[in-house]
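Below is one structure; the comments refer to it alone.
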Amino acid sequence: MTKYILKRVGYSIVTLFLLVAITFFMMQLLPGDPFTGEKQLPAAQMEALYAKYGLDKPVWQQFFIYIGNVVQGDLGVSLTYNRAVTLMITEAFAISFDVGIRSICFAFIGGVLLGTLAAIKRGKAADTVAMIIALLGVSVPSFVVASVLQYFLGLKLYMATGMRIFAITGWEGFNSHILPVVALGFGSLATISRLMRTSMLDVLGQDYIKTAKAKGLSQSGIIFKHAMRNAIMPVVTVLGPITAGILTGGFVVESVFGIPGLGKYFVQSIQGLDYTMICGTTVFYGAFLIIANLVVDIAYGLIDPRVKLEG
Amino acid sequence: MTQIDKSRFEWIGSDSARREGISRPSTTFWKDAIGRLMKNKVAVVCFFIIVLLILSCIIVPFFSPFESREQHLGEVNKGFMTVCTDSRYEGQHHVHYFGTDNLGRDLFLRAFEGGRVSLMIAFAAVFVNLIVGLIYGGISGYVGGAVDTIMMRIVEIVNGIPYLIVVILLMMVLPKGIFTMVVAYGITGWTGMARLVRGQVLQLKSQEYIVAAEAMGAKSSRIIAKHLIPNALSVIIINVTLAIPSAIFTEAFLSYIGLGVPVPQPSWGVLAKGGQDVFMTYPYQLVVPAVAISLTMLSFNLLGDGLRDAFDPRLRR
Amino acid sequence: MNKVLDVQNLHVSFDTYAGEVKAVRGVTFSLSEGEVLAIVGESGCGKSVTAQTIMKLNPMPPARIKEGSVQLGEHDIVAANEKEMQKIRGKEVSMIFQDPMTCLNPTKPVGKQIVEAIQHHRHLSKAEAKAEAIKYLSLVNIPNPEERAKQYPHEFSGGMRQRAMIAMALSCNPKLLIADEPTTALDVTIQAQIMDLLAEIKEKTSTAIILITHDLGVVASMADRVAVMYAGKVVETGTCEDIFYRNAHPYTQALLKSLPSVDMNKTQRLVSIPGTPPDLLNPPKGCGFGARCTHCMKICHEEQPPVFKVGEGHEAACWLLHPDCPSAAERGEPDEQ
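Residue numbers (this note's numbering), protein chains in the order written: chain A, 3 to 313; chain B, 1047 to 1363; chain C, 7 to 343.
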C-alpha cells in the first residue's frame, strides 16, 4: 500500500512539474511580458518589477525563479485588477469550491441512486426513464442546461407564480444554490448513473451475489451489503475526471449565473487577455486537479482490498 | 399397461441429421455485428440522423440566398420564419427560417455553416487522435519491454494534466482558427486512444486463438486479416464514435469561453455563445445551436452504445 | 427415515426472446435425512436449474415453475413467496457453487461473510456468531481459522475458498446441502480433498446432500443414489450399483462408455456420443435422446417413454423396457460391433 501511494505521489509531482513548465513556456511565447499592459508603468517601477520577477535574466534562470515563486504561492499580479493573482484565486476559489463540492455530491449521490435504480429495474419503465435522463445529461452541454434552467425555473416560474422560488443569479442563500448546482452537476450525474448501471448489472450477475441470495439475504440486503460497494468502485475511479469536468464546467455555469467564483474571473481574464491571471489560474487549476486525482487514486486503494497486493 | 403394436418398435437407429439439436447458422463476425446493429432501431435512426446532419451541413449553405457574414441591419433579432425585408432581396420573398441575430445575420444559414465548422473540427480532431494513438499505442504494444514501460509512463503523466487547461493555454498562444483547435485537441486527446490500441495489441499478441491459428499453420497475413483487424477495429470504431461528441463539446465549450474560431466565422459553439448572451430577451437564438449540438452528441452517443452492443460477442443471442 | 425433500413432476421454463426454453420437463425425486443423491448429466441437461429451483435462486422472470411441486420439510417451495424463501434459504437448504473463485465477495473478509449468514438465521450476538464462524472454518479443516477469518477471499487458494463456502453453507445446520459441481473448477488433488470433506460431513451430520456433477467418478465414491438427467428429464435413477452395473437406459450406457477406467485394456477406445442434446426451445415430441440413440425405434420419436421399474428403487424411462418391446433381432436392429 505504501508503495502504491508513493508511486502515485511520484507521478503527481512529475505531472505538476510538467504542468508548470508548459505554462511557463507558453507564457514565454505570448507577446510582450506580464507588465506591458495598457497602462504604461513608470520606468523605475518597471525595472523594480523586472528585477523582482527576474525578467532581466536568461530564460532558464527565469524558469527556476518562476518555479520558486509558484512553490511559494506567488503567481504574479493581475493586469486588469492590479492585485496579486494568488489573493484573487484564494478569494474566488472559495466560492467555486463551494459550488463544485455541492455539484459533485449532487452528481455522485444522484448518479449512484439513479444507476442502481435502473439496474434493479432493468428493462422496466424506471430503467428507461433513468437512462433517458442520463442520455440527455451526457448529450446536452452544461451551458444549455444552465440557460434552460435559468430561463424556465428562474424567470418563467417567477413570472408565472410571482414567487422567487429559485434565484436567477448570484450565490447567496439556498434558493440561489439549486439551479447552478443542478446545471453543473447534471452531466456528471448522467455519466455516473450510466457507469453505475453497467457496473451494478455486472456485479448483480456475479456468483457471489447468488451466494448472498442463497444465504437468505433480502434483495435490499444484497444490494446494500454486497453489491453497492463493489459496484461503486469503478465509479470512484472516474471521480478524478468528474472533478475536472465540474471544475471546467464551472467556468461556464458561473458565468451564466453570475456567480463571483474563479471560473467567472477565468473566463473574463481570457476574454480580457489578462495573461498573468490566466497562467496563474491555469497552474492553480492544474495543481488542484492533479492533487484531486491523487486523492481519488489513494481512496480507491483504500476501498478495494485487492489493490493492496499489487504495487 | 396398454398393449403397444409391435410395428412401432421398429428400429431406426441414431439420426445424424436430427442429433445436432443446438446449432445455429454460422455467420462472419462483421455480418453478425451488422445484423445485430440493424436490429437496434435506435442506433439505426441515430446513424441516419448523423448522415442527414452531415449532408445538410454540406449542401444547405449552397442553396441559401444569403451570405453567412451578411448583415441586414434593418432586421436585427427577428424571430423564426421572418420574411426578409432587406433592400438587396426585394421582391424575392426569402425567409429567415431561424430568424436573425443581433447583427441581422441569417441564423438558418449560419446554423448549417456553423455545423460544417463544428463537425469538421470534431472529425479532424478525432482523426488526429486516432492516427497519433494508433502509432504511439501500436509501437508501445508491439515493441513491448522497457520501451513500452517508458511510453506508458509518459502517457500516464500526460494524462494527468487536465486537457482543457492545456487546450486553453494552447489556444491563447496559437492564432485562432480551425487548425489551432484541431491541434490543441489532438495534442491532448490522443492518450486514451493510445492506451486502447496498446491494450488491443498486447491482448492480441498473447491471445490463445492467435497462437492456435499460428500452430495450425495460418499465414501471418491471414491472421492479421481474419483475427487482428476485426477485433481491434471494432474497439476502435466504438471509441471513435464516442470521441466525436466529446470533440464537439470541446469546440462548443472553447467557443463559449471566447477561444473559438475567429469572429465572422460561425460554429455551433460561437452561435450558442451568441444565443446565450441574449437568451433572456431572445431565447430562440440559443435554441437552434443548442438543439444542433445536443442532437449530434446524442446521436453519436447512442450510435456508439449500439455499436458496442453489436460488437460484443457476449450479447449474441 | 424422514423425507427431507420431495420433488414431484417439476417443470421449469425460461421465457427468452427466442421463445420458451423448457429447461426442466418433469423431474421427480426425493431425498431422506442423511442421504446423498447425485444428479448426473452433461451441460445444459437441466441439473443446475433443478437445483436452483429448489432454492428459487433463478430469477423469476425469466424462469417460471410451470408445473409440479417441491416440498422441503414442511415448506411448500412452489407456493412460498420471496419473504418466506429468505427464511428458508441458508437455514433449511444451502448451496455451494461451482467456482469458488467467484462465489465469495472479494471486498469482504471471509469470516464476515460467514457471520452474515449466521446472524441472519440464528439469533446470536456478534461475538457468538464470530465464534461460530471460526468453529465452522475449523470444521472444514482450515488451519488458523481465527487468522483466516479476517482475510479476504483473494488471500485464499481455490480449495480453501471452496472449504470456506462449505463452512458458510453448513453454518446454520441446513437439512439439505446442494453442491452444484463443487469440484469442477478445482485441481484434481484438491477435488479429492473436497470430496473427502463432503464425505466427512455426511458421516458427521444428518444433512442430506444433493451432489450435482457431470463426473461419474465423483459419484461412485459417495452417492447413495444417482439420478441421470438428460434434456430436462430424469432418464434413470437407482443406487450407485444400479447405475454402474445394472444400467438400463441407453444414455446411461453411452455416458459410462465415454468414461476412461483403469481396468480398460489398451486396445479399447473411449466412445463419445455423437451429436448434441436437443434444443429445449423446441424439445422433440418423443424421447429427448432418440436422435442420438443407437437403439432408437419408431415409437421413440412419437411418444415420450414412461418410467419403468427395473428393480427395487431402480427406474428408467426408455421404450426398450416396455414389456411389449420385442428383441433386438425382431426390431431389425443390427448387432453391436
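Just so it is clear, CB atoms sit at the ideal spot from N, CA and C, and this is done for glycine as well.
Buried/exposed call for residue i, threshold 16 Cβ in 10 Å
i, result
"C/Tyr23", "exposed"
"C/Arg275", "exposed"
"A/Asp62", "Note that residue 62 of chain A is Trp in the sequence shown here, rather than Asp. A/Trp62 is exposed by the Cβ-count criterion."
"B/Gln1138", "exposed"
"C/Ala248", "This sequence places Asp at residue 248 of chain C; Ala is not what is there. It counts as buried."
"A/Thr17", "buried"
"B/Ile1068", "Reliability fails at B/Ile1068, whose pLDDT of 49 lies under 50, so the model's placement of it is uncertain and no value is given."
"A/Phe19", "exposed"
"A/Pro60", "exposed"
"A/Ser80", "buried"
"B/Cys1092", "buried"
"C/Lys208", "buried"
"B/Asp1132", "buried"
"B/Thr1327", "exposed"
"B/Lys1124", "buried"
"C/His126", "buried"
"A/Cys107", "exposed"
"C/Tyr251", "exposed"
"A/Phe110", "buried"
"A/Ser190", "buried"
"C/His129", "exposed"
Beta-bridge partners of residue i, as assigned by DSSP
i, result
"A/Phe290", "None; A/Phe290 has no bridge partner."
"C/Glu73", "C/His17"
"B/Phe1346", "Paired residue(s): none; B/Phe1346 is not in a bridge."
"C/Ile60", "None; C/Ile60 has no bridge partner."
"C/Phe314", "C/Ala322"
"A/Met3", "DSSP output for A/Met3 lists no bridge partner at all."
"C/Val42", "C/Ile215"
"C/Arg231", "C/Leu43 and C/Thr245"
"C/Leu11", "C/Leu37 and C/Leu78"
"C/Ser100", "C/Leu183"
"C/Arg31", "C/His17"
"B/His1142", "B/Thr1128"
"B/Trp1405", "Only positions 1047 to 1363 of chain B appear in the structure, and residue 1405 of chain B is not among them; the question remains open."
Proximity of residue i and residue j at Cβ, strictly below 7 angstroms
i, j, result
"C/Lys70", "C/Gly238", "According to the sequence as given, residue 70 of chain C is Arg; it is not Lys. Contact flag unset, no."
"C/Met171", "C/Ile102", "yes"
"B/Val1243", "B/Gly1190", "no"
"A/His228", "C/Asn64", "no"
"A/Phe168", "A/Leu186", "no"
"C/Met235", "C/Lys97", "no"
"C/Val27", "C/Thr59", "no"
"B/Val1201", "B/Ala1240", "yes"
"C/Leu16", "C/Gly74", "yes"
"B/Ile1058", "C/Cys302", "yes"
"B/Arg1354", "B/Ile1294", "no"
"C/Ile45", "C/Ile218", "yes"
"C/Ala356", "C/Val10", "The displayed coordinates of chain C run from 7 to 343. Any statement about residue 356 of chain C would go beyond what the structure contains."
"B/Phe1339", "A/Leu21", "The question names Phe, yet the displayed sequence has Ile at residue 1339 of chain B. Result no, Cβ atoms of B/Ile1339 and A/Leu21 do not sit closer than 7 angstroms."
"B/Pro1312", "B/Glu1113", "no"
"C/Cys306", "C/Gly294", "no"
"B/Gly1352", "B/Leu1083", "yes"
"C/Ile120", "C/Ala133", "no"
"B/Phe1126", "B/Gly1145", "yes"
"A/Val140", "A/Met279", "no"
Minimum Cβ-Cβ distance from residue i to chain F less than 7 angstroms
i, result
"B/Ile1096", "Considering every chain present, this structure includes no chain F. Its protein chains are A, B and C."
**Asked** If you measure beta-carbon to beta-carbon, which residues of the stretch 287-298 of chain A are closer than 7 angstroms to chain B?
**Response** Tyr287, Gly288, Leu291, Ile292 and Asn295
**Message:** By the 8 angstroms beta-carbon criterion, what residues does the stretch 189-214 of chain A contribute toward chain C?
**Reply:** Going along the stretch 189-214 of chain A in chain order, one finds Gln208, Asp209, Tyr210, Lys212, Thr213 and Ala214 with a Cβ nearer than 8 angstroms to chain C.
**Asked** If you measure beta-carbon to beta-carbon, which residues of the stretch 106-125 of chain C are closer than 7 angstroms to chain A?
**Response** Thr108, Cys109, Leu110, Asn111, Pro112, Thr113, Glu122 and Ala123
**Request:** Could you list the residues in the stretch 314-331 of chain C with a C-beta less than 8 angstroms from some C-beta on chain B, going in chain order?
**Result:** Trp325, His328, Pro329, Asp330 and Cys331
**Message:** Can you pull out the residues from the stretch 1199-1219 of chain B whose beta carbon lies closer than 9 angstroms to at least one beta carbon of chain A?
**Reply:** Arg1199, Glu1202, Ile1203, Val1204, Asn1205, Gly1206, Ile1207, Pro1208, Tyr1209, Leu1210, Ile1211, Val1212, Ile1214, Leu1215, Leu1216, Met1217, Met1218 and Val1219
**Item:** Near-chain B residues of the stretch 288-305 of chain C (beta-carbon distance less than 7 angstroms), N- to C-terminal order
**Value:** Ala297, Arg298, Cys299, Thr300, Cys302, Met303, Lys304 and Ile305
**Message:** Beta carbons nearer than 7 angstroms to chain B: which residues of the stretch 224-253 of chain A have them?
**Reply:** Ala246, Thr250 and Phe253
**Message:** Residues of the stretch 1281-1304 of chain B in Cβ contact with chain A at a cutoff of 8 angstroms, in chain order, please.
**Reply:** Pro1291, Phe1295, Ala1298, Phe1299, Tyr1302, Ile1303 and Gly1304
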